[in-house]
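Written out below as structure tokens is the structure these notes cover.
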Amino acid sequence: MSGMLSRSILRALYRANFEKIITYILDICDLIVEDYEKKQLKLPNDENKIRSIMLEEYMNKYKDVHGMSGYKFEPEVPENYVGGGQHIGRVDIRILLKSDFEKDDAYYIVECKRIDGSSDLNKKYVKEGVARFVTEKYSSYYGRNIMLAFVVKKIDISANAKLIEGIQNADSNEHMYGDFELVNSGRVTENYKCLYQIQSGKVELRHIFSDYSSII
Numbered sequence: 001m002s003g004m005l006s007r008s009i010l011r012a013l014y015r016a017n018f019e020k021i022i023t024y025i026l027d028i029c030d031l032i033v034e035d036y037e038k039k040q041l042k043l044p045n046d047e048n049k050i051r052s053i054m055l056e057e058y059m060n061k062y063k064d065v066h067g068m069s070g071y072k073f074e075p076e077v078p079e080n081y082v083g084g085g086q087h088i089g090r091v092d093i094r095i096l097l098k099s100d101f102e103k104d105d106a107y108y109i110v111e112c113k114r115i116d117g118s119s120d121l122n123k124k125y126v127k128e129g130v131a132r133f134v135t136e137k138y139s140s141y142y143g144r145n146i147m148l149a150f151v152v153k154k155i156d157i158s159a160n161a162k163l164i165e166g167i168q169n170a171d172s173n174e175h176m177y178g179d180f181e182l183v184n185s186g187r188v189t190e191n192y193k194c195l196y197q198i199q200s201g202k203v204e205l206r207h208i209f210s211d212y213s214s215i216i
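Here my numbering is used: the first residue of the sequence shown is 1, the next is one more, and so on.
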């Protein structure tokens, strides 16, 4: 009984940590737009540069203010070592929990992609984003990870999320299938969750769409 209780508590703690990370990312997305609009600045229309600005100038800078000092955010980390000096992936952002620092494979992954409403970028979001988690090119120690979309053109984000859902559900790999469920939406972001049945079990992806169109 105590073992079952311990596992239940651990799952609850993992869920709470994940939701805290999600909330922080949403807050940072809001802050970037607010800051850039106020200062009349523009973000470069470049996925890697937006990611680096978000990480280095905001996520790492405001950790203490948001109670996130127990989390470490790292950019461009090699992923999934297969031997012979080779990794099969490189993640955009890796998030480590202070409480699990001693566990080499314990971290969350954020995969970043640009979105502009075009079918080309929507397909890349699925094929070069979602698929990396579903095919387990990227690991999912906690069973949850994050897709972060930088929306660089004014579009109907809800309608575009449905298009992305349709692309993944039309894939020949049934592990790609899943339904987007809206968790919350705000002035800048829309946050969806989707569960995928993968080879090793199940993984939850959060799909965060951040509207940066006013500052690109």
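Where is the CB? At the ideal position from N, CA and C, for every residue including glycine.
query: Should the segment 178–198 be called in touch with the segment 119–128, which here means at least 3 C-beta pairs below 8 Å?; result: no
query: If I measure Cβ to Cβ from S214 and keep anything under 6 Å in the same chain, skipping five residues before and after, which residues do I get?; result: none
query: So, is T135 buried or exposed, given that buried needs 16 or more other C-beta atoms within 10 angstroms?; result: exposed
query: Which residue or residues does DSSP assign as beta-bridge partners of E102?; result: Looking at the DSSP assignment, E102 forms no beta bridge with any residue, so it has no partner.
query: Using DSSP bridges, identify the partner residues of D211.; result: V151
query: So what's Q168 in DSSP terms, helix, strand or just coil?; result: helix
query: Between the alpha carbons of L43 and L55, how many angstroms are there, rounded?; result: 13 Å
query: Pick out whichever of H66, I164, S6 has its Cα sitting closest to the Cα of A131.; result: I164
query: Roughly how many angstroms separate the alpha carbons of E47 and Y138, rounded to a whole number?; result: 19 Å
query: Are there 16 or more other CB atoms within 10 angstroms of the CB of V82, so buried, or fewer, so exposed?; result: Residue confidence is low: V82 scores 49 on pLDDT, short of 50, so the model does not pin down where it sits. No coordinate-derived value is stated.
query: Using only the alpha-carbon positions, how far apart do G166 and S119 sit?; result: 11 Å
query: For N173, is the classification buried or exposed, using 16 other Cβ atoms within 10 angstroms of its Cβ as the cut-off for buried?; result: exposed
query: Alpha carbons only, please: which of Y212, G70, S8 is nearest the one belonging to A149?; result: Y212
query: Looking at chain B, is there any beta carbon in it that lies within less than 9 Å of the beta carbon of K38?; result: The structure shown has no chain B; it contains just one protein chain.
query: Just grab the DSSP bridge partners of R11 for me.; result: DSSP output for R11 lists no bridge partner at all.
query: From N145 to L41, what distance separates their C-alpha atoms?; result: 30 Å
query: Would you call the segment 192–207 in contact with the segment 29–37, where contact means no fewer than 3 C-beta pairs closer than 8 Å?; result: no
query: For D92, which three-state DSSP category applies?; result: strand
query: Which term fits S217, buried or exposed, when burial requires 16 or more other beta carbons within 10 angstroms of its beta carbon?; result: Residue coverage of the chain in this structure runs from 1 to 216, which leaves residue 217 outside it and unanswerable.
query: Of the choices K103, K49, N60, whose alpha-carbon is the least far from that of V152?; result: K49
query: Sort G143, S210, Y177, Q168 by Cα distance to G201 and report the nearest one.; result: G143
query: Select from D64, Y177, D116 the residue whose C-alpha is nearest the C-alpha of S158.; result: D116
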